[in-house]
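K.L.:
Take a look at the following structure, please.
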Amino acid sequence: MESNLETDLKDSLKRVFGYDKFRGKQKDITHHLLNKNDTFVIMPTGAGKSLCYQLPAIVQNGTAIVISPLIALMKNQVDQMNAVGINAKFLNSTLSRSESKRVKRDTKAGLVKLLYVAPESLAKEENIAFLKESKISFAAVDEAHCISEWGHDFRPEYRKIKEVISQLGNIPIIALTATATPKVQMDIQKNLSMDSARLFKSSFNRVNLYYEVRSKKDAKKQLIKFIKSHHNESGIIYCLSRKKVEELAEFLKVNDIKAVAYHAGMEAKERMKNQDAFLNENIDVVVATIAFGMGIDKPDVRFVIHYDAPKSIEGYYQETGRAGRDGIDSHCLMFYSNKDILRFEKLNRDKTITERENARFLLEEVASYAESSICRRKQLLHYFGEAFKEDNCGQCDNCVLPKEQFEGKDVIEIVIQTVKQTNERFYPDHLASLIVGKSTRYAKSYGHDKLPIFGKGKDIDSDEDFWKSVIRQTLLHEFLKKDLENPAIYLVSEKGEKFLEDPYFHELSKDHDYASEGEEEDGDRVPVNVAAHDKLLFGMLKALTKDIARREKIPPYMIFSDPSMEEMATLYPTSMDDLKQIVGIGETKAKKFGEPFLKLIEEYVEENDIATVSDVLVKSSGTKSKNKIYIIKHIDQKIDLKEIAEARNMTYEELVEEMENICYSGTKLNIDYYIDQLLDDDSQDDIHDYFLSAESDNLEIALKELGEYTDEEVRLMRIKIMSEYAH
Ligand code: ADP
Ligand code: MG
Ligand code: ZN
5 MESNLETDLK
15 DSLKRVFGYD
25 KFRGKQKDIT
35 HHLLNKNDTF
45 VIMPTGAGKS
55 LCYQLPAIVQ
65 NGTAIVISPL
75 IALMKNQVDQ
85 MNAVGINAKF
95 LNSTLSRSES
105 KRVKRDTKAG
115 LVKLLYVAPE
125 SLAKEENIAF
135 LKESKISFAA
145 VDEAHCISEW
155 GHDFRPEYRK
165 IKEVISQLGN
175 IPIIALTATA
185 TPKVQMDIQK
195 NLSMDSARLF
205 KSSFNRVNLY
215 YEVRSKKDAK
225 KQLIKFIKSH
235 HNESGIIYCL
245 SRKKVEELAE
255 FLKVNDIKAV
265 AYHAGMEAKE
275 RMKNQDAFLN
285 ENIDVVVATI
295 AFGMGIDKPD
305 VRFVIHYDAP
315 KSIEGYYQET
325 GRAGRDGIDS
335 HCLMFYSNKD
345 ILRFEKLNRD
355 KTITERENAR
365 FLLEEVASYA
375 ESSICRRKQL
385 LHYFGEAFKE
395 DNCGQCDNCV
405 LPKEQFEGKD
415 VIEIVIQTVK
425 QTNERFYPDH
435 LASLIVGKST
445 RYAKSYGHDK
455 LPIFGKGKDI
465 DSDEDFWKSV
475 IRQTLLHEFL
485 KKDLENPAIY
495 LVSEKGEKFL
505 EDPYFHELSK
515 DHDYASEGEE
525 EDGDRVPVNV
535 AAHDKLLFGM
545 LKALTKDIAR
555 REKIPPYMIF
565 SDPSMEEMAT
575 LYPTSMDDLK
585 QIVGIGETKA
595 KKFGEPFLKL
605 IEEYVEENDI
615 ATVSDVLVKS
625 SGTKSKNKIY
635 IIKHIDQKID
645 LKEIAEARNM
655 TYEELVEEME
665 NICYSGTKLN
675 IDYYIDQLLD
685 DDSQDDIHDY
695 FLSAESDNLE
705 IALKELGEYT
715 DEEVRLMRIK
725 IMSEYAH
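Sequential numbering from 5 applies to the sequence shown in my numbering.
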C-alpha cells in the first residue's frame, strides 16, 4: 500500500496541482496525516501549507473539513479546486437555503472532497447533525493562530472547534499557521487537545530578504529616493491609516512614480482595479493598509516598505514576507519613530485591559526590534522561537553597518541577578527601574528597594533605557528566556545560570537613538536641512529685509522670517515658483516682497558660480491644502476655533500651528472675533506694541518679556499682527 500511496500522491501532485516535486516538508506531512495522526504545521506564509491538507483530502475517501477564518480565502480555494476538477464546497452564511441543502446532500453522498467552513458555521447544531451523518476523513484548522488571544486575528469561535470535532468520532486534526511564537503554539495545541501531535516546522529565515530600519526623519524624501533607485521594480508600501495611504499615493504620483492606493474603505471595484494594475505591472507601487496582501501571490515584489511602524513583529514578518517570493534579493525597509508607537497606544485606548496589555506588549517588541542594533534576522527568528547562530548575517543594516560594541560582562550579570532576585515575575520596565535605584511605590510594595541589586547599575548608567536595552540583549543572547504563559516576563535560562557561576566577556551593542535623530515633519513638504546654509548670503538677505522694513515701517521679521531665509540660503531660489516652495512663503508674500530677493540671489549665484538646486525640492501633493482652505473659509465665517479644530480632527495646538503657517506664508487671517473674547483692548494693545518694536517674533522671548500672557494668547495675537502688517 505504501508504494501505491506514494505513486498516488505523486500522480495527484502533478495532475491536480501541476507540481513535479513536494516543497519542504509537504511530503512527510501528507504521509503523517494520511496515517491518521494529528499533525501540526508551522511554516511561513507562502511556503505551501494549503497543499498539506488539500492533497490528503483528494487521495482518500470521505470529506475533509477545512476550517478557515475568511470567506474570501475560502472562496478562493474552492474556486481553485473546482477549476482543476476537484469537488470542493463551502458552507457559510453567504449561501441560500437551497444552496446549503445541496452542499449537505452532496457531502452526505460522499461526493465532496473538501468542505470549507467558517468556525461560526461549524458550531451550529444543524451542521453538527449533518456532519455526523457524513464520512469525515479529517479536519484541517487553517490559520490556527486565531485560537490564541496572544498575537493577532483572535477569533473566539475558534475555541469551540475541538468540542465539535470530537462529536464526529475519532478523526485526525491538522492545524496550520504561519505564526510560530512559542506562546501561540502552546495555545493551539492546548485548545485542540493535540499535545501529542507531531510538529512540522520549517525555518522562518528568508535568506534573500535584506532588513533595514531608518529614522522617520525626512521620510518622504528618503522614500522618493529609495523608490527612484528601484526603477521599474514592484514594491508595496504599508501605512497605518486609510487617509495616509491616499495622501502618500498622491504624493508619489506627483513625483512621477506609478503608484496606486489600496485600502478597505475603497469601492470594491476600484480596489480590484488597483490590485490588477499592480499584478499586471502597469503600476510599480501599491500604497496600502495591511488589508492588502493576503492571498496575493506576486513573486517579484522587490521591496516592502513600512512607512508607519507595524503593530506587531508577526505582522511585520507577514508583510515583509511578501517580498522576494521568487528567491531573488529584495529589500524590507521600515521607517521608525517612537511617535508611531505612541499613536498606536492611543488607538488601543478603547480596548479591554487584557487586549490593551497584549497590544502594548506586541508594540514594545516592535520598538525594541527597531531600536536594537543586534542583527535584525537574529531578532526576528528569535521571536519565532528559532535560534540564528551566526553573528553576522550580512543581510541587514545592523550587520552591514555595526554599531559600537561594548564589554557587557558586568551589566549582563546585574540583569540576570535582578531577574533572579525578583523571583522571575516582573516586567522588564520594572527591572530597569530597580537597577537604577528608582524608589517607586510599586517597588516598595514588593520590598524591592531592599534587594541587593537595587540601584546597583546606577553608576554604570543611570538611564533606564540603557538597561532596557541590556535586558533585551541578555534575552536575545539567551541568558534569559521568555515565560511561555506570559512572554512579557523573562526567566533565567540554563545558560544564564552558568554565566552567573562563572561570568565571562560578552559583547553587547549600543541601541540606535532614533529619537535624537529627529522625527518626521508632519507637513506635506519635505523639510530642508538648513544646517549648512550659506552664511554670507543669509547675512545679505537679512540686511535686505531690514532695508525694506524701514521703508515699510514694520519689523523686519514680518517680511521674511529667519527660517525662510535660511532655506533661501540653502536652496538659492531664482524664480517666483521656486520661491513659493520655501518654508513660510506663499503666493501673496512671494509677490509682495519676493522680487528684490530673487534679484539678489540671482546676482549672488552668478557671481559665485553656484548651481541652483531647485530639483532638490520634492513636490508636495497639496493634500494639506485641503485643511488650509477649510480653515481659511471657516475663519472667514467667524466659526469658533475649537469647532474648526474638531471638524478637521486636529488638536487645538495643531490648528494654531496651521494658522501660523497660513499666515506666515502670506494669507490674511482675520481672527478679531475670536481674540476679542480672549483679551480686552488694553491687553491686545500691550502685545501689539511689543511685537511692533521687537527684534524678532520669537515666541519664547515674547512670553518672557510680556510676562502675564499665555502661550495661546501671544500666538493668536502674533497671527493677528502678522495678518495686519505683513500682507
Ligand atoms: P501558505 O498557505 O503557506 O501561505 P499557500 O498554500 O497559499 O501558502 O501556497 C503558496 C504558493 O506556493 C502557492 O502559489 C502555491 O501554488 C505554491 N506551492 C505550494 N506547493 C508547491 C510545490 N510543491 N511546488 C511549487 N509550488 C508550490
Ligand atoms: Mg494559507
Ligand atoms: Zn543581520
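Virtual Cβ for every residue (Gly too), placed ideally from N, Cα, C.
Unbroken beta strand (DSSP E) runs of length 3 or more, entirely within the region 396-481: which are they?
P.N.:
Segments of the beta strand (DSSP E) lying fully in the region 396-481: 409-411.
K.L.:
Less than 7 angstroms between the CB of Asn396 and some heavy atom of the ligand ZN, yes or no?
P.N.:
As a position in the sequence shown, residue 396 is number 392, starting the count at 1. Answer for Asn396: yes, Cβ within range of the ligand ZN.
K.L.:
In whole angstroms, give me the CA-to-CA distance for Glu571 and Ala535.
P.N.:
The count along the sequence shown starts at 1 and reaches residue 571 at position 567. The count along the sequence shown starts at 1 and reaches residue 535 at position 531. Roughly 9 angstroms between the two C-alpha positions.
K.L.:
State whether the region 18-26 contacts the region 140-154, with contact taken as three or more CB pairs (one from each stretch) at a distance under 8 angstroms.
P.N.:
Result no; under three Cβ-Cβ pairs closer than 8 angstroms.
K.L.:
For the beta strand (DSSP E) that Gly732 lies in, which residues bound it at each end?
P.N.:
Only positions 5 to 731 of the chain appear in the structure, and residue 732 is not among them; the question remains open.
K.L.:
Would you tell me roughly how many angstroms separate the C-alpha atoms of Ala263 and Glu237, rounded to the nearest one?
P.N.:
If you number the sequence shown from 1, residue 263 lands on position 259. If you number the sequence shown from 1, residue 237 lands on position 233. Spanning the two alpha carbons is a distance of roughly 12 angstroms.
K.L.:
Buried or exposed: which applies to Asp301, given that a residue is buried once 16 or more other Cβ atoms fall within 10 Å of its Cβ?
P.N.:
Translated into the one-based positions of the sequence shown, residue 301 becomes position 297. It is exposed - the Cβ of Asp301 has fewer than 16 other Cβ atoms within 10 Å.
K.L.:
In whole angstroms, what is the alpha-carbon distance linking Gly543 and Thr549?
P.N.:
If you number the sequence shown from 1, residue 543 lands on position 539. If you number the sequence shown from 1, residue 549 lands on position 545. Their Cα atoms are separated by approximately 10 angstroms.
K.L.:
Between the C-alpha atoms of Asp32 and Phe44, what's the straight-line distance to the nearest angstrom?
P.N.:
Taking the sequence shown and counting its residues from 1, one reaches residue 32 at position 28. Taking the sequence shown and counting its residues from 1, one reaches residue 44 at position 40. Their Cα atoms are separated by approximately 12 angstroms.
K.L.:
For Ile723, which residues of its own chain have a beta-carbon under 7 angstroms away from its beta-carbon, when the five flanking residues on both sides are left out?
P.N.:
As a working mapping, residue 723 is identified with position 719 in the sequence shown. Answer for Ile723: Met663, Glu664, Cys667, Leu673, Ile675, listed in chain order.
K.L.:
Do Ala201 and Gln189 have their beta-carbon atoms positioned less than 8 angstroms apart in this structure?
P.N.:
Sequence index remark: in the sequence shown, residue 189 carries index 185 (1-based). Sequence index remark: in the sequence shown, residue 201 carries index 197 (1-based). No, Cβ-Cβ distance for Gln189 and Ala201 is not below 8 angstroms.
K.L.:
Output the residue ranges of the beta strand (DSSP E) runs that lie fully inside the region 340-371 and measure 3 residues or longer, sorted by chain position.
P.N.:
The qualifying runs do not exist here; there are none.
K.L.:
What does DSSP give as the partner residue(s) for Gly239 in the beta ladder?
P.N.:
Within the sequence shown, numbered from 1, the residue matching residue 239 stands at position 235. Answer is Val289, Phe307, bridged to Gly239.
K.L.:
Quick check on Cys150: does DSSP put it in helix, strand or coil?
P.N.:
Translated into positions along the sequence shown, residue 150 becomes position 146. Three-state DSSP puts Cys150 in a helix.
K.L.:
Three or more C-beta pairs closer than 8 angstroms, one from the region 257-276 and one from the region 331-344: is that the case here?
P.N.:
Flag = no, the region 257-276 and the region 331-344 do not touch.
K.L.:
Under 7 angstroms from any heavy atom of the ligand ADP, does the C-beta of Arg27 make it?
P.N.:
Walking along the sequence shown from the start, residue 27 turns up at place 23. Yes, the ligand ADP has a heavy atom inside 7 angstroms of this Cβ.
K.L.:
Anything with a beta carbon under 5 angstroms from a heavy atom of the ligand ADP counts; list them all in chain order.
P.N.:
Chain-ordered list of matching residues: Tyr23, Arg27, Thr49, Gly50, Ala51, Gly52, Lys53, Ser54, Leu55, Asp301.
K.L.:
Consult DSSP for Thr67 and reduce its assignment to one of helix, strand or coil.
P.N.:
Within the sequence shown, the letter at position 63 stands for residue 67. Residue state, collapsed to three classes: strand.
K.L.:
Pairing CB atoms from the region 240-259 with CB atoms from the region 307-318, are three or more of them under 8 angstroms?
P.N.:
The region 240-259 vs the region 307-318: in contact.
K.L.:
Within the same chain, show all residues whose beta-carbon is closer than 6 angstroms to that of Leu38, passing over the 5 residues directly before and after it, in chain order.
P.N.:
As a working mapping, residue 38 is identified with position 34 in the sequence shown. Result list for Leu38: Pro60, in chain order.
K.L.:
Roughly how many angstroms separate the alpha carbons of Asp395 and Gln477, rounded to a whole number?
P.N.:
What you label residue 395 is simply residue 391 of the sequence shown in a count that begins at 1. What you label residue 477 is simply residue 473 of the sequence shown in a count that begins at 1. Using only the alpha carbons, I get a separation of about 13 angstroms.
K.L.:
By how many angstroms is the C-alpha of Gly500 removed from the C-alpha of Gln279?
P.N.:
By one-based count along the sequence shown, residue 279 stands at place 275. By one-based count along the sequence shown, residue 500 stands at place 496. Whole-angstrom Cα-Cα distance: 50 angstroms.
K.L.:
Express the C-alpha separation of Ala92 and Asn86 in angstroms, rounding to a whole number.
P.N.:
Residue numbering aside, residue 86 sits at position 82 when the sequence shown is read from its first letter. Residue numbering aside, residue 92 sits at position 88 when the sequence shown is read from its first letter. Rounded to the nearest angstrom, the two C-alpha atoms are 6 angstroms apart.
K.L.:
Within 8 angstroms, do at least three Cβ pairs link the region 441-451 to the region 487-506?
P.N.:
No, they do not touch.
K.L.:
Report the partner residues of Cys336 according to the DSSP bridge assignment.
P.N.:
Here residue 336 refers to the residue found at position 332 when the sequence shown is read from its first residue. DSSP lists Tyr215, Val308 as partners of Cys336.
K.L.:
So does the region 386-400 actually touch the region 199-218, counting three or more Cβ pairs closer than 8 angstroms?
P.N.:
At 8 angstroms Cβ cutoff, the stretches touch.
K.L.:
Suppose you measure from the CA of Asn96 to the CA of Ile140; what does that come to, to the nearest Å?
P.N.:
Reading the sequence shown from its first residue, position 92 is the one you call residue 96. Reading the sequence shown from its first residue, position 136 is the one you call residue 140. The straight-line gap from Cα to Cα measures roughly 18 angstroms.
K.L.:
In this structure, how does DSSP classify Tyr23 when only helix, strand and coil are distinguished?
P.N.:
The residue you call residue 23 lines up with position 19 of the sequence shown. Three-state result, Tyr23: coil.
K.L.:
Using DSSP with H/G/I as helix, E/B as strand and the rest coil, what is Thr181?
P.N.:
Mapped onto the sequence shown, residue 181 falls at position 177. Reduced to three states, the DSSP call for Thr181 is strand.
K.L.:
Would you list the one or two residues that DSSP bridges to Phe204?
P.N.:
Your numbering for residue 204 matches position 200 in the sequence shown. Partner(s): Val45.
K.L.:
Within the region 98-135, note down every full alpha helix (DSSP H) run reaching 4 residues or more, in order along the chain.
P.N.:
List check, alpha helix (DSSP H) in window: 101-112, 123-126.
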